[in-house]
Amino acid sequence: MRFVPVFLVALAIASGMLVLAGRVVDPRGDFGDGVCPQVTMDSRRDKMRLFRAYAGSGGVGGLILGSSRSMKLDPKELESRLGVRFFNASVDSARTEDLLAIYRWVRHQGVSVRYLVVGLDVEALHDAEASDPRLEGNGELLAALAGDVHSAGPLARLADATVPYKAMFTASYVEDLARSVARCLRRSSGKRPLTEFERDGYLRYVKLEAERTAGTFDVDRRITDSLGEYVTRFRDMRALSPRRAQDLETLIREARGDGATVKVWLTTLHPRTAQYLGEKTAYTELLARARSYLVHLGDTYGIDTYDDSSPERYGGTLTDWYDGAHIDEKNAARVAAQLARP
């Protein structure tokens with residue numbers, strides 16, 4: 001009969017050791033202070049953690065929303081031009097429901113911004129794809145999206161706080177833990193992370209920026225390698241989603257009602273990418289509809305709109321890119337300069 005209590009004690013000790021290892025190593029960046037590199041990235045969760053710390057260290061007067069294609073907009077660049085402290089809250093593969101959820105979540109933190117800059121991808125209005133699983137798995141953002149302030153409060157935060165600990169008892173987490181420790185042991189070899197966020201949400205392409213500095217970066221190869229991914233993104237898109245357009249317009253109305261100056265820019269693709277998509281998908285027609293919709297937003301809501309869907313529209317170059325859809329610091333500075341003007 002001693003087997004059961006011995007087994008339970010052994011299980012408790014093993015569980016405690018796993019939790020301790022997960023808390024110290026923090027392979028998924030759940031706690032923000034791990035001793036080893038983060039091996040998975042959830043930009044929604046990461047940006048929320050960064051925003052709390054950033055807002056706590058000073059006022060936030062400007063918010064940048066969008067997908068990864070807006071992550072290179074430098075908050076410091078917009079701050080120098082518009083005079084308020086910005087945070088870049090752009091997240092991977094953002095759809096318009098992400099933008100609305102993040103804005104409402106920011107407002108629930110007690111922050112009211114003077115400027116809201118929205119990077120609108122054509123596929124943010126995708127008529128077929130479901131919401132991103134990283135949004136569906138984020139209780140705070142879902143509560144904010146539903147407009148449930150109470151659910152987005154302390155009880156929801158407490159519930160969300162238990163999620164990383166529950167995840168520790170899965171095979172995938174143990175695998176991530178092992179990968180993180182392995183990377184930690186290889187740090188002395190000089191291996192660098194691919195990306196990281198600065199405290200204001202600004203994205204650093206650590207490896208690619210190092211290659212550019214060393215003169216080994218091959219932008220043409222990077223553009224070519226990214227073409228297939230964007231065909232996949234647009235393959236099933238046939239129209240602009242009315243539901244997602246409603247989410248975007250709700251965001252605009254709420255921000256305007258809060259007294260914010262709203263600026264929406266249609267994000268850019270490299271001309272090679274746009275041409276390839278035009279041959280393989282309905283992108284050309286979708287872009288035309290998105291441009292017309294952008295004009296509609298400006299006329300209807302009196303906001304600043306910018307069609308930056310191709311480089312010549314903001315004075316961009318064909319070489320200042322990281323791949324076929326992501327601009328580098330120089331082209332991003334050109335976009336920021338344009339956004340600072342009415």
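Each residue of the sequence shown is one higher than the one before, counting from 1 in my numbering. Note that CB positions come from ideal geometry on N, CA and C, so glycine has one too.
Measure from the alpha carbon of residue i to the alpha carbon of each residue in the options, then state which is nearest.
i, options, result
"T224", "P271, S68, F86", "P271"
"L135", "E97, R107, S68, Y165", "E97"
"Y322", "P133, Y205, L11, K280", "Y205"
"V262", "T195, M17, P342", "P342"
"D92", "E79, D258, R104, M71", "M71"
"Y283", "D258, A255, R235, V111", "R235"
"L361", "G83, A178, L203", "Since the first and last residues shown for the chain are 1 and 342, residue 361 lies out of range."
"Y54", "V181, Q109, R2", "Q109"
"S310", "A274, T319, L339, L286", "A274"
"W105", "A146, D121, V84", "A146"
"C184", "Q246, E312, V35, S15", "V35"
"T281", "T319, T267, D299, T232", "T232"
"L318", "V219, Q246, A144", "V219"
"R417", "F7, L78, E140", "Only positions 1 to 342 of the chain appear in this structure, which leaves residue 417 out of reach."
"Y293", "Q246, A214, A12, L208", "Q246"
"S241", "T267, L251, R289", "R289"
"S226", "K76, T267, H326", "H326"
"R253", "G298, A214, L266, R199", "G298"
With DSSP as the reference, label residue i as helix, strand or coil.
i, result
"Y202", "coil"
"I102", "helix"
"I252", "helix"
"F169", "coil"
"F197", "strand"
"H126", "strand"
"G62", "strand"
"G137", "coil"
"L73", "coil"
"G34", "coil"
"S189", "At S189, the pLDDT of 48 sits below 50, so the modelled position is not reliable and the matter cannot be decided from this model."
"G278", "helix"
"V111", "coil"
"V91", "coil"
"V355", "As displayed, the chain neither begins before 1 nor continues past 342, which places residue 355 out of reach and without an answer."
"G16", "helix"
"G22", "helix"
"G56", "helix"
"G147", "coil"
Between residue i and chain C, is any beta-carbon pair separated by less than 9 Å?
i, result
"T268", "Of the protein chains in the structure, only one exists, and it is not chain C."
Beta-carbon separation of residue i and residue j under 9 Å?
i, j, result
"S131", "R95", "yes"
"G66", "F86", "no"
"R291", "H126", "no"
"A89", "G259", "no"
"Y314", "Y306", "yes"
"Y230", "G324", "yes"
"A277", "D304", "In the sequence as displayed, the identity of residue 277 is Leu instead of Ala. The answer is no: Cβ separation not under 9 Å."
"V113", "A332", "no"
"R212", "D308", "no"
"P27", "L269", "no"
"V264", "L120", "yes"
"L286", "A210", "no"
"L63", "L20", "no"
"L18", "V181", "no"
"L208", "V118", "no"
"H22", "M168", "The amino acid at residue 22 is misidentified as His; the sequence shows Gly. In contact: G22 and M168 (Cβ atoms closer than 9 Å)."
"D46", "F217", "no"
"M41", "T195", "yes"
Go ahead and label residue i buried or exposed: buried means 16 or more other beta carbons lie within 10 angstroms of its beta carbon, across all protein chains shown.
i, result
"H296", "exposed"
"V25", "buried"
"R44", "buried"
"L100", "buried"
"E123", "buried"
"D74", "buried"
"M237", "buried"
"V9", "exposed"
"S68", "buried"
"R221", "exposed"
"S80", "exposed"
"M48", "buried"
"A152", "In this prediction, A152 has a pLDDT of 47, which is less than 50 and means its spatial position is unreliable; what the coordinates show is noted afterwards. With 16 or more Cβ atoms within 10 Å of its Cβ, A152 is classed as buried."
"E279", "exposed"
"A336", "buried"
"S15", "exposed"
"I102", "buried"
"E312", "exposed"
"A144", "buried"
"T162", "exposed"
"L142", "buried"
"L11", "exposed"
Problem set entry | Ordered list of beta strand (DSSP E) runs contained in the region 302-339, each at least 3 residues | 304-307
Exercise. Going along the chain, which unbroken runs of the alpha helix (DSSP H) with 4 or more residues stay wholly within the region 215-269?
Worked result: With a minimum length of 4 residues, the continuous alpha helix (DSSP H) runs that stay inside the region 215-269 are 219-234, 242-257.
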